[in-house]
Amino acid sequence: SHRYRDHSPAEARFRTYIGAMERAGLPCELIGTNLLHHTSIHDALQKYIAEFGCPEALVCVNDETAMYVYRALVDLGFKIPDNTFLLGCDGLPFMNCFEPPLSTIAQPTEEICALAWQFLKNRMANPDLPRQEATFDAQLVVRKSMMNLV
Numbered sequence: 672s673h674r675y676r677d678h679s680p681a682e683a684r685f686r687t688y689i690g691a692m693e694r695a696g697l698p699c700e701l702i703g704t705n706l707l708h709h710t711s712i713h714d715a716l717q718k719y720i721a722e723f724g725c726p727e728a729l730v731c732v733n734d735e736t737a738m739y740v741y742r743a744l745v746d747l748g749f750k751i752p753d754n755t756f757l758l759g760c761d762g763l764p765f766m767n768c769f770e771p772p773l774s775t776i777a778q779p780t781e782e783i784c785a786l787a788w789q790f791l792k793n794r795m796a797n798p799d800l801p802r803q804e805a806t807f808d809a810q811l812v813v814r815k816s817m818m819n820l821v
């Protein structure tokens, strides 16, 4: 049986985030929500802000979540980057279409796809191969959503 949760991109990103925050000596919190529904993200953020105030920065597990967080912040009357900084993760091109453009951690998508294809071909040629894994370096793409921070 496979343990997908332990190997999911979201889980790996979360562990990396927690580790980086701990090494920097900075506090971090998880605003728990159902990432599949934008209304859940909106409601969770609204509840968090009502109890604790607007966070100094929000790091989202992916760019889609950052898009929903952006919408929620705007709906709640907050301005990015004046009230909070916002960062997504994936490097999707549409992150540049927001006002302000949203920062992201960009993945090397072409390299990932090429290696995934190679892994698949390897598995088809040899179904008994052990699990194949790879790690890629990502790049921080700083845009105006974090401009006052850097």
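To get my numbering, take the position in the sequence shown, counting from 1, and add 671. Built from N, CA and C at the ideal position, the CB exists for glycine as well.
Beta-carbon contacts of residue i that lie in its chain and below 7 Å, excluding the five residues immediately before and after
i    : result
F769 : Y741
N754 : C725
F807 : Q778, P779, E782 and I783
Neighbour flag for residue i against chain D, beta carbons, 8 Å
i    : result
L757 : Annotation note: the requested chain D is absent from the structure, which comprises a single protein chain.
Inter-residue Cα distance where the pair is residue i and residue j
i    : j    : result
C731 : T780 : 18 Å
F790 : D761 : 21 Å
I751 : F685 : 23 Å
E782 : A809 : 11 Å
L744 : P798 : 48 Å
E735 : R802 : 28 Å
F723 : N733 : 23 Å
R794 : G696 : 42 Å
A777 : A721 : 32 Å
K792 : T687 : 30 Å
E727 : C699 : 11 Å
L800 : P680 : 22 Å
W788 : A683 : 21 Å
Residues near residue i by beta carbon distance below 6 Å, same chain, minus five either side
i    : result
A805 : L786
P772 : R814 and K815
Nearest neighbour of residue i, chosen from the options [CA to CA]
i    : options                   : result
V746 : Q717, R694, R686 and F807 : Correcting the residue type first, residue 746 is Asp in the shown sequence and not Val. Taking only the C-alpha atoms, the option nearest D746 is Q717.
F817 : C784, W788 and F756       : According to the sequence displayed, residue 817 carries Met and not Phe. The residue with the shortest Cα to Cα distance from M817 is F756.
A737 : A715, E727 and T775       : T775
P764 : V812, Y719, F723 and G748 : V812
M692 : Y719, L729, S679 and T710 : L729
N819 : L758, I712 and G703       : L758
Enclosing alpha helix (DSSP H) for residue i [first to last residue]
i    : result
D761 : Taken as a continuous stretch (DSSP letters only), D761 belongs to no alpha helix (DSSP H), being part of the beta strand (DSSP E) at F756 to D761.
Residue range of the unbroken beta strand (DSSP E) whose run includes residue i
i    : result
V615 : Residue coverage of the chain in this structure runs from 672 to 821, which leaves residue 615 outside it and unanswerable.
Spatial neighbours of residue i in its chain, beta-carbon cut-off 8 Å, leaving aside the 5 residues before and after
i    : result
Y675 : Confidence in Y675 is poor, its pLDDT being 38 and thus under 50, which makes the residue's placement too unreliable to answer from.
Quiz item: If you scan the stretch 683-713 from start to end, which runs of the beta strand (DSSP E) of 3 or more residues do you find wholly inside it?
Solution: Taking only runs of at least 3 residues, no beta strand (DSSP E) segment lies wholly in the stretch 683-713.
Exercise. Only counting runs of 4 or more residues, tell me where the alpha helix (DSSP H) segments fall wholly within the stretch 724-793, in order along the chain.
Key: As summarised for the stretch 724-793, the continuous alpha helix (DSSP H) elements at least 4 residues long and confined to that stretch are 734-746, given in chain order.
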